[in-house]
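For the sequence shown, our numbering puts the final residue at 384, and the numbers step up evenly by one. We put the CB at the ideal spot given by N, CA and C, even for glycine. Source: prediction; values computed, not measured.
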Amino acid sequence: VVHAHRPHFLALHCQEFGGKNYEASMSHVDKFVKELLSSDAMKEYSRARVYLDENYKSQEQFTALGSFYFLHESLKNIYQFDFKAKKYKKVTGKEIYSDTLESTPMLEKEKFPQDYFPEVAWRLRSGGRGKWPQGLSAPELLLLRGPREAASAFPWTSVGRPASRVRTSRCGLLLEKIADQRFEKACYFVFGDFNFRLDSKSVVETLCTKATMQAVRAADTNEVVKLIFRESDNDRKVMLQLEKKLFDYSNQEVFRDDNGTALLEFDKELSVFKDRLCELGISFPPSYPYSEDCSQGRQYMNTRCPAWCDRVLMSPSAKELVLRSESEEKVVTYDHIGPNVCTGDHKPVFLAFRIAPGAGRRCQRLEGTPDESQSCCQNSNRQQ
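Laid out in structure tokens, this is it:
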């Protein structure tokens, strides 16, 4: 991606840094970071800022998130916002922050406490926030990790479930945080694994329009524990089985044909924020849940209904900034990475665009932001 788009400013956001078993794997992070910073692909990036949340022993604060920012050597006099001093500071050299994120003035980090949403019984993660001037704009870059579904959640509907309500509530709180009156307003980009789910009931009704449904109930509680959908003919072949943490559909090609975009109508969770959050058109397949088998890079796991969990969202003014860049060259790309190789259970998603001269004037509403020449800006959300 770096070779193809040659960005001058690159933001890379990661989640589950250190792996799912971070207690055992966090020791490998330092080596990975050093190799990335010194790699041939990054040799033209003379300045970098890396923020890693590695302190898993502090569960009240630990998010397992990481943010990397790379500046190309051709960019001159680039500044980063100091949230404590409320002014910009010039960026020089390469710096890595891990043990002192809470005290780092160049980043705001927050994790919602467990009792913030008592109806949800799993860990909630927030993220980091930073401001970087690009051209005459100073967009905020925010990394967000949304709450996962509980393993006990039955996959018959998504919109309206506790996890869905919490995701939208958290997103609303994040937008309020951005509007903090302590700082002047700026356009913003929000990256991350939002854990958005499709309206599963509508998806099932669409995929199984001609199927018959059998409900299996628990003997002791009479609760529905399994739904089996069979074809009306064809020897009543099983099309779909639904259980807790199981979505076993017989034809995964429906999620890959035309990149699964026929199912986008069931992607509804973001609609609550349609006036405050924008997104470019999605033309890539659902980003989760992919097989973690290295030989099955295109295959989905049958644990969830595939969905577009990983997104790059933006404020209306930021979208205007992005689309203005298309005037001379059609260089805006919103896509996923590694369609045919295993990248874990998520496919990384990225947004690449070029800021045209003067494009940031309307977006820029900060006082004291350095006037700097334009460059290509690339934002990437990647699960690590």
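Residue range of the beta strand (DSSP E) that residue i falls in?
i	result
A11	F9 to Q15
F191	Y188 to D193
F284	Note, F284: premise wrong, no beta strand (DSSP E); not H, not E.
K109	E108 to E110
E205	Run containing E205: none in the beta strand (DSSP E); it sits in the alpha helix (DSSP H), S200 to L207.
D335	T333 to H336
L52	Y45 to L52
C87	In the sequence on display, residue 87 carries Lys and not Cys. Here the beta strand (DSSP E) through K87 covers K87 to K90.
D30	Per DSSP, D30 belongs to no beta strand (DSSP E); it is in the alpha helix (DSSP H), V29 to S38.
What residue range is occupied by the uninterrupted alpha helix (DSSP H) comprising residue i?
i	result
R324	P316 to R324
H3	V2 to H5
A24	Y22 to S25
Determine the closest residue to residue i out of the options, with distance taken between C-alpha atoms.
i	options	result
L36	D267, V322 and Y69	Y69
A402	L10, S58, I78 and H3	In this structure the chain extends from 1 to 384, so residue 402 is not present and cannot be described.
Q15	K76, G192 and C171	G192
V203	V272, P306 and E108	P306
R236	M106, P339, Q214 and K111	Q214
S232	T212, E223 and L246	T212
K347	P339, F353 and T303	P339
K89	M106, T221, S74 and K76	M106
E320	C278, D310, D335 and Y334	C278
F62	R256, V1, Y22 and F353	Y22
Y45	K244, F32, A11 and L270	A11
V272	G172, Y300 and S295	G172
Can you have a look at residue i and say buried or exposed, based on whether 16 or more other CB atoms are within 10 angstroms of its CB?
i	result
R217	exposed
V190	buried
S200	buried
V349	buried
R324	buried
N195	buried
G18	buried
A85	exposed
V331	exposed
G66	buried
A318	buried
R304	buried
D345	buried
G368	Summary for G368: the model assigns pLDDT 39, below 50, so the residue's position carries little reliability, and this model does not support an answer.
A219	exposed
T168	buried
D99	exposed
E73	exposed
K20	exposed
Quick one: measure Cβ to Cβ for residue i and residue j, integer angstroms, because I've assumed they're closer than 8 Å.
i	j	result
L142	Y188	6 Å
L351	L280	7 Å
G297	V341	4 Å
L101	K94	Not confirmed; about 17 Å, so no contact.
I355	V1	18 Å between Cβ atoms; not a contact.
Q) Can you find at least 3 beta carbon pairs, one from the segment 312-326 and one from the segment 289-304, that sit closer than 8 Å? A) no
Q) For the segment 187-207 against the segment 239-250, are there 3 or more C-beta pairs whose distance is under 8 Å? A) yes
Q) Taking contact to mean at least 3 C-beta pairs separated by less than 8 Å, is the segment 43-59 in contact with the segment 24-35? A) yes
Q) Would you call the segment 79-93 and the segment 43-52 touching, i.e. three or more CB-CB distances under 8 Å? A) yes
Q) Is there contact between the segment 253-269 and the segment 279-289, where contact requires at least three CB pairs shorter than 8 Å? A) yes
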